[in-house]
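**Student:** Be aware that the sequence shown starts at 4, since it is given in this note's numbering, and climbs by one per residue. Even glycine gets a Cβ: it sits at the ideal position worked out from N, Cα and C.
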Amino acid sequence: MPNPRSYRKGTEDKTRKGKLTEKSSSFHGESLKTTTTTTTLRRPKTDPELLSFKNLGLSAASLNGRPKMTKLLLNVTIQGILGPVQVLMSSEMTVADLVAATIRQYMKEGRRPILPTVNPSAFDLHYSQFSLESLNKEEKLIALGSRNFYLCPRKSKNSDDLIASPSSSCSTQAKESAKSSSSFSWFKFIDFQI
């Protein structure tokens with residue numbers, strides 16, 4: 004237990020190391036006017052050439068423009084495949100280039116299951132698995148506004164085989180299946196527990 008005498012005013016604690024010799028003048032009631040007249044404020048050491056472009060050989064005007072993105076890291080999830088495929092592409096490439104690069108990267112990584120076709124025109128690219136509209140094949144990647152996409156295969160109207168029909172998309176397939184189904188087709192989605 005500490006001795007109460009060491010905490011009294013006027014006594015110095017000799018065991019205490021690194022005690023401040025000068026106390027804060029504003030804390031102890033001294034006015035700011037008396038301290039400024041007696042001592043000058045110490046200025047922190049700074050580098051006056053901090054923003055100088057002389058050492059780098061650059062001009063300030065050349066750094067004003069925003070740097071242009073050259074590459075984009077995109078995540079593409081393929082329908083029925085676990086985990087997204089990461090593709091590094093130029094921002095000026097199109098959606099068709101992204102589909103081709105995704106399939107190429109998937110095959111290069113040797114993932115399973117093997118895709119039924121490696122033809123890029125047999126696939127549609129969507130923003131997510133819940134988006135029915137596929138993206139335009141000629142649209143630039145920088146204009147899409149997203150870095151995560153969903154790749155699903157196109158299906159033919161006559162069979163369940165994957166084909167490259169340019170007129171089919173997921174939205175038209177959904178509309179056709181809704182028209183052709185009976186009025187009680189929603190029973191397929193309900194799990195009856197009797």
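Which residue or residues does DSSP assign as beta-bridge partners of Pro156?
**Tutor:** Phe126
**Student:** Under a three-way DSSP split, which group does Met92 fall into?
**Tutor:** strand
**Student:** Give the secondary structure of Leu76 by DSSP, where H, G and I count as helix, E and B as strand, and everything else as coil.
**Tutor:** strand
**Student:** Just verifying my parser: in three-state terms, what is the DSSP assignment at Ile84?
**Tutor:** coil
**Student:** According to DSSP, simplified to helix, strand and coil, what is Lys140?
**Tutor:** coil
**Student:** Out of Lys71, Pro87, Glu95 and Asp100, point me to the one whose CA is closest to Phe152's CA.
**Tutor:** Relative to Phe152, the option among Lys71, Pro87, Glu95 and Asp100 whose CA is nearest is Pro87.
**Student:** Quick one: residues in its chain with C-beta nearer than 6 angstroms to the C-beta of Lys140, no 5 flanking neighbours on either side, listed in chain order?
**Tutor:** For Lys140, the CB contacts under 6 angstroms within the same chain, skipping 5 residues up- and downstream, are Val98 and Ala99 in chain order.
**Student:** What are the boundary residues of the alpha helix (DSSP H) that includes Lys111?
**Tutor:** Val98 to Glu112
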